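Structure, as structure tokens:
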Amino acid sequence: MANFNQILCAVDFSPTSEKALEYAVDLAGRLGSELYVMHVYQLPAYAMPDGGAFEIPVDIQTGLTNQLQTHLDTFVKPRMSTGVKITTGLHEGIPYVEIVRSAKERHADLVIIGTHGRTGLPHLLMGSIAERVVRTSEVPVLSVRAP
Numbered sequence: 045m046a047n048f049n050q051i052l053c054a055v056d057f058s059p060t061s062e063k064a065l066e067y068a069v070d071l072a073g074r075l076g077s078e079l080y081v082m083h084v085y086q087l088p089a090y091a092m093p094d095g096g097a098f099e100i101p102v103d104i105q106t107g108l109t110n111q112l113q114t115h116l117d118t119f120v121k122p123r124m125s126t127g128v129k130i131t132t133g134l135h136e137g138i139p140y141v142e143i144v145r146s147a148k149e150r151h152a153d154l155v156i157i158g159t160h161g162r163t164g165l166p167h168l169l170m171g172s173i174a175e176r177v178v179r180t181s182e183v184p185v186l187s188v189r190a191p
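The number in my numbering is simply the position in the sequence shown, starting from 1, with 44 added.
Encoded structure:
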């Protein structure tokens with residue numbers, strides 16, 4: 045039987061990821077695991093025709109990062125009184141890459157992530173972060189779909 049001492053839960057603040065967080069907190073509580081809750085954001089950058097690049101100014105990036113951290117803290121706060129040791133982290137990058145990298149770096153035994161269950165054209169256009177995490181993760185992944 046596998047030991048799930050370290051659980052990583054990736055959230056995007058949607059109702060689906062809220063359900064995934066509920067599963068993660070419940071499972072961590074039952075197993076005596078530590079829980080790391082992370083959110084990954086990706087800042088846009090634009091390539092100009094002359095070969096230059098346009099990025100969001102640093103002060104706007106800082107403001108956005110601060111808002112996202114506040115939102116993450118608010119999202120997790122109701123679960124802090126459950127007795128589960130919960131830490132949070134905000135990461136910039138490609139979501140599935142950062143989730144898999146963080147799971148490896150943190151020696152996570154399990155990744156829990158919400159899935160929106162998109163199919164057809166929406167799946168083709170938006171992709172599936174959860175699906176990519178399942179395919180590339182070195183540890184088991186529990187995907188949770190909200191009704």
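Virtual Cβ for every residue (Gly too), placed ideally from N, Cα, C.
Here the structure is a predicted model, which means the values were calculated and not measured.
Look at the Cβ atom of residue i, then the Cβ atom of residue j, and state whether they are nearer than 8 Å.
i      : j      : result
TYR80  : LEU52  : yes
TYR140 : THR114 : no
SER77  : PHE48  : yes
ALA190 : LYS63  : yes
VAL102 : VAL144 : no
ALA46  : MET82  : no
LEU87  : GLU136 : yes
TYR85  : LEU112 : yes
LEU116 : THR132 : yes
Quick one: what does DSSP say residue i is sitting in, helix, strand or coil?
i      : result
SER172 : coil
GLN113 : helix
LEU165 : The predicted position of LEU165 is uncertain, since its pLDDT is 47 and thus under 50; no value can be drawn from it.
GLN86  : coil
ALA68  : helix
ILE157 : strand
VAL81  : strand
VAL141 : helix
GLU182 : coil
ILE100 : coil
VAL177 : helix
Using a Cβ-Cβ cutoff of less than 7 Å, which residues in the same chain neighbour residue i once the five nearest sequence positions on both sides are dropped?
i      : result
PRO184 : LEU154
THR126 : VAL69, GLY73
ALA91  : ALA97
LYS121 : none
ILE138 : GLN86
Where does residue i land, buried or exposed, given buried means 16+ other C-beta within 10 angstroms?
i      : result
LEU168 : Residue placement at LEU168 is poorly supported in this model, since its pLDDT is 44, which falls under 50; the coordinates are not used for a value here.
HIS151 : exposed
ILE100 : exposed
ILE104 : exposed
Can you find the residues in the same chain that come closer than 8 Å, C-beta to C-beta, to residue i, ignoring five residues on each side of it along the sequence?
i     : result
PRO59 : ALA190
Once you ignore the five residues that flank residue i on each side, which residues in its own chain have a CB closer than 6 Å to its CB?
i      : result
PRO166 : Unreliable positioning characterises PRO166 in this predicted model, as indicated by a pLDDT of 48, which lies under 50. A coordinate reading is not provided.
HIS160 : THR60
ARG123 : VAL69
ASP56  : none
SER187 : ILE157, THR159, ALA174
LYS129 : GLU78
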